[in-house]
Amino acid sequence: AQSVSQHNHHVILSEAASLELGCNYSYGGTVNLFWYVQYPGQHLQLLLKYFSGDPLVKGIKGFEAEFIKSKFSFNLRKPSVQWSDTAEYFCAVNAGNQFYFGTGTSLTVIP
Amino acid sequence: ETGVTQSPTHLIKTRGQQVTLRCSSQSGHNTVSWYQQALGQGPQFIFQYYREEENGRGNFPPRFSGLQFPNYSSELNVNALELDDSALYLCASSPNRGRNNEQFFGPGTRLTVL
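Protein sequences appear in the order of chains A and B. One point on numbering: in our numbering, the residue at position 102 of the first sequence is 366, and numbering is uninterrupted. One point on numbering: in our numbering, the residue at position 73 of the second sequence is 109, and numbering is uninterrupted.
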């Protein structure tokens, strides 16, 4: 069965620290990859997406992610987090006409 | 531009009952997907509708069914409710079907089954 794994369930960082959230997927064919964010009390919003081309994609609010096909990975990064980045982060894969989400990573940024 | 809206916001049902959840897609979007998000989990894909036809289905039993209307709004119906159906149900719309489309999510309907 296809799956998306997010290795970090809870992450706590101080402001200005660097962030990397892991995401691995299991699907051998062509995929599109996404990171979504859910701020407290809000609904899911797209952070960034990869469809094709440059494997390093940049999203909103200074986030970026790198697609490494050989590792089936799509890790999310941000060089310097802010308190306002406190949220739940979900990696998602679109394979064929199926969509798969990871279980999410809860990020808490301490001022 | 109006985003994705869902109704109702919250719903309480008892085991064995049936429920209908509604979703209005974003203007210009013809594809709607439904997800179930249990507490502490990521969204699980239920199915997708494109121009009133089912266009993909996740691992959910037939008692989960749906409809899409000519205006591209959609309904999710769940029959014979079970306690484990308690979850947040999310609707997402996209401009078209296919992988190269971003999904825009609604706020969800919180269903509690007692």
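Yeah, the Cβ is synthetic: ideal placement off N, Cα and C, and Gly gets one too. Since the model is a prediction, treat every value here as computed from it, not as a measurement.
Kindly list, in the order they appear in chain B, the residues whose Cβ is closer than 7 Å to that of residue i.
i        : result
A/PHE327 : Ordered by position in chain B, no residue passes the 7 Å Cβ test against A/PHE327, which lies about 15 Å from the chain.
A/HIS307 : PHE141, GLY142, PRO143, GLY144
A/GLY366 : GLY78
A/PHE354 : GLY78
As a quick exercise: from the options, pick the residue whose alpha carbon is nearest that of residue i.
i        : options                                : result
B/LEU47  : B/ASP121, B/GLN139, B/GLN77            : B/ASP121
A/TYR291 : A/THR372, A/GLN362, A/GLY305           : A/GLN362
A/PRO375 : A/VAL345, A/TYR364, A/TYR353           : A/VAL345
A/LEU340 : A/ALA280, A/ASP349, A/CYS355           : A/CYS355
A/PRO319 : A/GLN309, A/GLN306, A/LYS333           : A/LYS333
A/PHE327 : A/LEU308, A/TRP299, A/HIS307, A/SER337 : A/TRP299
A/GLY368 : B/ALA74, B/GLY142, B/ARG58, B/VAL40    : B/ALA74
A/SER348 : A/GLN266, A/LEU371, A/HIS307           : A/LEU371
B/ASN95  : B/GLN139, B/PHE105, B/GLN84, B/GLU88   : B/GLN84
B/THR50  : B/PRO97, B/LEU119, B/SER101            : B/LEU119
A/THR350 : A/PHE331, A/PHE315, A/GLN306           : A/GLN306
Check for me: the beta strand (DSSP E) holding residue i runs from which residue to which?
i        : result
A/VAL373 : 369–374
B/CYS59  : 55–60
B/VAL40  : Careful: B/VAL40 lies outside any beta strand (DSSP E) and carries neither H nor E.
A/ALA281 : Where A/ALA281 is concerned, there is no enclosing beta strand (DSSP E), given that its DSSP letter is neither H nor E.
B/HIS46  : 46–49
A/ARG215 : Nothing can be reported for residue 215 of chain A, as the shown portion of chain A is limited to 265 through 375.
A/LYS313 : 309–314
A/ASN288 : 288–290
B/GLY102 : 100–104
A/PHE365 : 362–365
B/ALA123 : 123–130
A/LYS333 : That residue, A/LYS333, is in no beta strand (DSSP E); it is neither H nor E in DSSP.
Can you find the residues in the same chain that come closer than 6 Å, C-beta to C-beta, to residue i, ignoring five residues on each side of it along the sequence?
i        : result
A/HIS271 : GLY286
A/GLY323 : LEU311, LEU312
B/ASN115 : GLN54, ARG99
B/ARG133 : THR67, TYR86, ASN91
A/SER278 : ILE374
B/THR56  : GLU111, ASN113
B/PRO79  : TYR71, GLN73, LEU126
B/SER129 : VAL40, SER61, GLN62, HIS65, VAL68, PHE140
A/PRO343 : SER282
A/HIS274 : SER370
Just confirm the distance between the C-beta atoms of residue i and residue j, as a whole number of angstroms; I'd bet it's less than 8 Å.
i        : j        : result
B/THR145 : B/THR45  : 7 Å
A/TYR364 : A/VAL268 : 5 Å
Output needed for residue i: all residues of its chain with C-beta closer than 7 Å, excluding positions within five of it in sequence on either side, in chain order.
i        : result
B/GLY52  : ALA116, LEU117
B/GLN104 : VAL68, TYR85, GLU88, SER110
At 7 Å on the CB atoms, spell out the chain A contacts of residue i, in chain order.
i        : result
B/GLY92  : ASN361, GLN362
B/SER109 : The contacting residues do not exist; B/SER109 stays about 18 Å from chain A at best.
B/GLN84  : ASN361
Excluding the 5 residues preceding and the 5 following residue i in the sequence, name in chain order all residues of the same chain whose CB lies nearer than 8 Å to its CB.
i        : result
B/THR38  : SER60, GLN62, SER63
A/VAL295 : TYR289, VAL357, ASN358, ALA359
A/GLY293 : ALA359, GLY360
Which residues of chain B have a Cβ atom closer than 8 Å to the Cβ of residue i, listed in chain order?
i        : result
A/LYS313 : GLU138
For residue i, go through chain B and note every residue whose CB falls closer than 9 Å to its CB, in chain order.
i        : result
A/LEU310 : GLU138, GLN139, PHE140, PHE141
How would you list, in chain order, the residues of chain A whose beta-carbon sits under 8 Å from the beta-carbon of residue i?
i        : result
B/SER129 : Ordered by position in chain A, no residue passes the 8 Å Cβ test against B/SER129, which lies about 12 Å from the chain.
B/PHE100 : Ordered by position in chain A, no residue passes the 8 Å Cβ test against B/PHE100, which lies about 15 Å from the chain.
Can you pull the chain D neighbours of residue i, defined as C-beta to C-beta under 8 Å?
i       : result
B/SER69 : The structure shown has no chain D; the protein chains it does contain are A and B.
For residue i, return the contacting residues in chain A, with the cut-off set at a CB-CB distance below 9 Å.
i       : result
B/PHE81 : GLN362, PHE363, TYR364, PHE365
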